[in-house]
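Notes follow the structure.
In the working numbering, the protein residues as written are 3 to 119.
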């Protein structure tokens with residue numbers, strides 16, 4: 003992705019999203035914008051020295067975000083999961099801080115849905 007495109011997208015999407023997620027698909031229909039995102043295959047901190055294997059994704063979560071140019075926006079986010087090769091344990095990134103931000107975005111999205119119907 004070129005710098006200008008990345009900068010524009012970073013201004014339209016929640017802050018920091020492009021650091022951890024790739025945009026997989028964008029679907030526009032009926033004044034709605036659906037943006038599908040997959041977590042990048044970047045090992046979570048604390049696991050850098052452990053052998054991990056990416057094992058796909060958790061089920062998609064839908065988050066309502068701020069409208070873009072009069073269109074309701076839904077982010078379809080798939081979190082990645084890894085298997086610790088030595089133990090078989092499944093791990094995911096700790097998103098506690100990200101979730102707190104997502105909750106605020108979701109609450110504001112619900113508020114905006116009430117305004118725009």
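We treat Cβ as the ideally placed atom computed from N, Cα and C, and that holds for glycine.
- Contact between the segment 41 to 59 and the segment 83 to 97 is present: 3 or more CB-CB pairs across the two stretches fall below 8 Å.
- Boundaries of the beta strand (DSSP E) around residue 55: 54 to 59.
- In the structure shown, residue 8 adopts helical secondary structure according to DSSP, grouped into three states.
- Between residue 20 and residue 80 the beta-carbon gap is near 15 Å, outside 8 Å, which marks them as no contact.
- The residue among 34, 67 and 91 with its C-alpha nearest the C-alpha of residue 13 is 67.
- In this chain, the alpha helix (DSSP H) harbouring residue 19 covers 19 to 22.
- When secondary structure is reduced to three states using DSSP, residue 14 falls in the helix class.
- The three-state secondary structure of residue 62, taken from DSSP, is coil.
- The closest CA to that of residue 43, considering only 37, 59 and 36, is found on 59.
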